[in-house]
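Reading through the structure tokens given below for one structure.
2 protein chains.
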Amino acid sequence: MTVRGFSFSTVEAAIKKPGRKDLGLIFSTVPATASAVFTTSSVKAAPVLVSREHIANGTAQALIVNSGNANACTGEPGIAVAQETARLVALALGIESTAVQVCSTGVIGVQMPFERIQASIPKLVEGLSTGALADVADAIMTTDTFAKMETMRGEAGGVDYSVAGIAKGAGMIMPNMATMLSFIITDAAVEQNFLQQTFRRAVDASFNAITVDGDMSTNDTCLIMANGMAGNPIIGEGSAEGYAFSVTLNAVLLSLAKQIVKDGEGATKFVEIRVTGASNDADAKRAALAIGNSSLVKTAFFGQDANWGRIFAAVGYSGAEVDQTRLSLSFDDVCMARNGIFAGDDAEARGTAVLRQKEFTVSVDLGIGSGTATIYTSDLTHEYVSINADYRS
Amino acid sequence: MTVRGFSFSTVEAAIKKPGRKDLGLIFSTVPATASAVFTTSSVKAAPVLVSREHIANGTAQALIVNSGNANACTGEPGIAVAQETARLVALALGIESTAVQVCSTGVIGVQMPFERIQASIPKLVEGLSTGALADVADAIMTTDTFAKMETMRGEAGGVDYSVAGIAKGAGMIMPNMATMLSFIITDAAVEQNFLQQTFRRAVDASFNAITVDGDMSTNDTCLIMANGMAGNPIIGEGSAEGYAFSVTLNAVLLSLAKQIVKDGEGATKFVEIRVTGASNDADAKRAALAIGNSSLVKTAFFGQDANWGRIFAAVGYSGAEVDQTRLSLSFDDVCMARNGIFAGDDAEARGTAVLRQKEFTVSVDLGIGSGTATIYTSDLTHEYVSINADYRS
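As given, the protein sequences belong to chains A and B, one line each in that order.
Residues in the first sequence are numbered consecutively from 0, following numbering that gives the first Met the number 0.
Residues in the second sequence are numbered consecutively from 0, following numbering that gives the first Met the number 0.
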């Protein structure tokens, strides 16, 4: 599927291990309406600080991204590198510096090898005629074991448009973003304020609803560019086209977010956690995240142990309003506990069978209100420990 | 060392695997001034609910504790078991039910085998003439690999007294208590209000300053009994004796808390995390806990990887007020980063040498105020995953 007006390029700039593409470029032939959600951490990487300024006007035309080095905790020199990278890309493309977004992912606290980026930019820009979005998805991988991509189609005013996205991120994934980069492009024409609002909502229901290890990174960026090259009437709030666009966008982001969880570092299970009956939605999310972030719960998933008691324990300390005599829990359709106590002996065997699957749902009903939340998580495995004990070496 | 007026007993009641003592009793020949801190979780085990009522009058004379079953998420039947256990112990000892504290630790969600407890109580009470506090420390172990005990001496008005304590808890340890039981006994005479206040402060600076995996349990109980059998003038607030008692009590609790971290499930490292320069103490604790609970930081400790960037990332999302250009970090006396950036090339080798030790200190200065906090944590290892994936089987 083509997203009209966008071109792509990747090169090996030797920022990470030899033999791997590690620098990517996305370019729109015309300035695009754009919006971004950045990490809420107080420790922000240099490219986040620079890109946030550049996108303040609601437009972007190019995005350069590297893996292998996060350019975080690098002080003023790091900011200069991010600014200078944007300037050189802009120069080569004949656009303004502020039209360039800069993103990085990789190790924290090491200065960027700027000369290698500088040397690679001409080749990167030359390559725009030949590259594909999938190449960029490959180039942004760090501990990811597969590239993450999704494309969907929509229609507005009789005109077809495409929404395509890529993402990276395996460990360090937690609501409010994580070492997570995701770039969405569409050739639809979308009104600026509406784009920003619907994009933020879609991020909340997808990337902010997944958790691998509860950590949040310095570099998280989720960005959308809508260049209007499909030629559709501009999509805005309150219209059927606006609703349809939001649905499509949500589906693309949720697909990418689920791919990240499935590729969680060392993960062997994909678990959907649904909390219902909370006194409000915020409480439901609190309870769901406490479950999804509990090391004890996640190791039980790995051990295929139907240990619903650990899940109730996590709900208990989540901060959500809880009446322990009203709690119920199911693994898929097997009720394990009702009104706070064990549902009966055969539940154990049936629940264990559910947990032997690669994917299952944990449903917890708090039994006191109508608040709901759904999040997605993985298990905690030996492999997670191995990957993160050895990541830098 | 003897703590006058206290006697101890343990038996094998077959609540957990055969061959292990799993039921213990502590008895004071006279009613003791008592105080307890229980789990703040909304999901509270039955013995917590019962003991909380019993200790409301500020006295206790006996404590019965079992391992192997938490009696949590067991509903009304679980509460009846805890109440009936207290009643039977009281009957055998010739005291009131409300003078008996009941504690449990072990698996959640399984009904207690009450008949085995009932059958064991006569033998348990008979054994009081022969047992020692160390026996009870053994009987309360679950995934612990060693028994935790500390004893210290004090003096008030020319009279010597003792403070002795035991504890259990390895995984599921997190501030605001955890699957953590700790029982402190002293023969000092201590004024009730003062005992409660100084005990709560000591718990905050010890058990509430350790974290193994960030989880908190349904059963956490920390309890003190002061029976006055030393015959000292009653120790109260605002006196030199009161200050000395607090210091001794703090030392006993901190020793027990550190033993718990050292025995953290699968732990190979003991790490002290000191945060200074925060805008206030609460912010300092927030930052310290974010570091101590980060799976990425803890796996880096396991890998002996001087990855200070992950620590800054944790500080960044902790919620503490942070200016990333003022952050500094040291491993022991090796400064790794100053004003937010790497301190220089030889820091890497020297910092790695620090992390090769079994114990070290991580000092983070936020550089913006005078708030401080210290917490203690362990690393995250393969062994942790193994223990918790297999715990119930």
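Quick reminder that beta carbons are idealized off the backbone N, C-alpha and C, glycines included.
This one's a predicted model, so the numbers in the text were calculated from it and none came from an experiment.
Close CB contacts of B/Gly126 within its chain, under the 6 Å cut and outside five residues either way in sequence, are with Ser8 (chain order).
Interface with chain A (8 Å Cβ-Cβ cutoff): B/Thr380 is included.
With respect to B/Gly370, B/Ala299 sits apart: the two C-beta atoms are not nearer than 8 Å.
Think of a sphere of 8 Å around the beta carbon of B/Val314: the chain A residues whose beta carbon falls inside it are Ser41, Val42, in chain order.
Taken in chain order, the members of the region 69 to 90 of chain A whose beta-carbon sits within less than 9 Å of a beta-carbon on chain B are Ala69, Ala71, Cys72, Thr73, Gly74, Glu75, Pro76, Gly77. Under a 10 Å Cβ-count criterion, B/Asn70 is classified as buried, with 16 or more other Cβ atoms of the shown protein chains found around its own Cβ. Under the three-state reduction of DSSP output, A/Ala266 falls in the coil class, being neither helix nor strand. Taking one beta carbon from each stretch, the region 108 to 127 of chain A and the region 8 to 17 of chain A have 3 or more pairs nearer than 8 Å; the two touch. If you draw a straight line from the Cα of B/Thr197 to the Cα of B/Ala243, it is about 11 Å long. For a Cβ distance threshold of 8 Å, residue set Ser41, Val42, Lys43, Cys72 of chain B lies close to A/Gln323, ordered along the chain. Residues of chain A whose Cβ lies closer than 9 Å to the Cβ of B/Val274 do not exist; the shortest such Cβ separation is about 14 Å.
Counting only Cβ-Cβ distances below 9 Å, B/Val202 has no contacts in chain A at all, with the closest Cβ about 17 Å away. Here A/Phe206 is not bridged, per DSSP, to any residue. Counting C-beta atoms within 10 angstroms of its own C-beta, B/Asn192 has fewer than 16 neighbours from the protein chains shown and is therefore classed as exposed. Ranked by how close their Cα comes to the Cα of A/Thr97, the residues A/Asp304, A/Thr129, A/Thr58, A/Trp307 have A/Thr58 in first place. The beta carbon of B/Arg309 sits closer than 8 Å to some beta carbon of chain A. Not a single C-beta of chain A is nearer than 8 Å to the C-beta of B/Thr144.
A/Ile107 has a beta carbon lying within less than 8 Å of a beta carbon in chain B.
The region 104 to 158 of chain A contains, as complete alpha helix (DSSP H) runs of 4+ residues, the segments 113 to 125, 132 to 138 (chain order). Listed by position along chain B, the residues whose Cβ is nearer than 9 Å to that of A/Ala336 are Cys72, Gly108. Between A/Ser377 and A/Gly263, the beta carbon gap of about 3 Å places them in contact (Cβ cut-off 8 Å). With a minimum length of 4 residues, the unbroken runs of alpha helix (DSSP H) contained wholly in the region 277 to 341 of chain A fall at 280 to 292, 294 to 301, 307 to 316. A/Thr73 and B/Ser329 have their C-alpha atoms spaced approximately 17 Å apart.
The region 73 to 86 of chain A and the region 235 to 253 of chain A do not touch, with fewer than 3 CB-CB distances between them shorter than 8 Å. In the three-state DSSP reduction, B/Thr38 falls in the coil class, being neither helix nor strand. B/Val29 has no beta-bridge partner at all, per DSSP. Listed as beta-bridge partners of B/Leu24 by DSSP are B/Ser8, B/Ile63. The beta carbon of A/Asp159 sits closer than 8 Å to the beta carbons of Arg152, Gly153, Ala229 from its chain, once the five residues preceding and following it are set aside; these are given in chain order.
In the DSSP assignment, A/Ala13 falls outside any beta strand (DSSP E), carrying neither H nor E. DSSP, read as helix, strand or coil, puts B/Asn68 in strand. Not one beta carbon of chain B lies nearer than 8 Å to the beta carbon of A/Ile14. Listed along chain A, no residue sits closer than 7 Å to B/Gly370 by beta-carbon distance, the nearest being about 15 Å off. In this chain, the alpha helix (DSSP H) harbouring A/Ala243 covers 239 to 261. Of all residues in the region 216 to 241 of chain A, only Ser216, Thr217 come within less than 8 Å of chain B when Cβ atoms are compared, listed by chain position.
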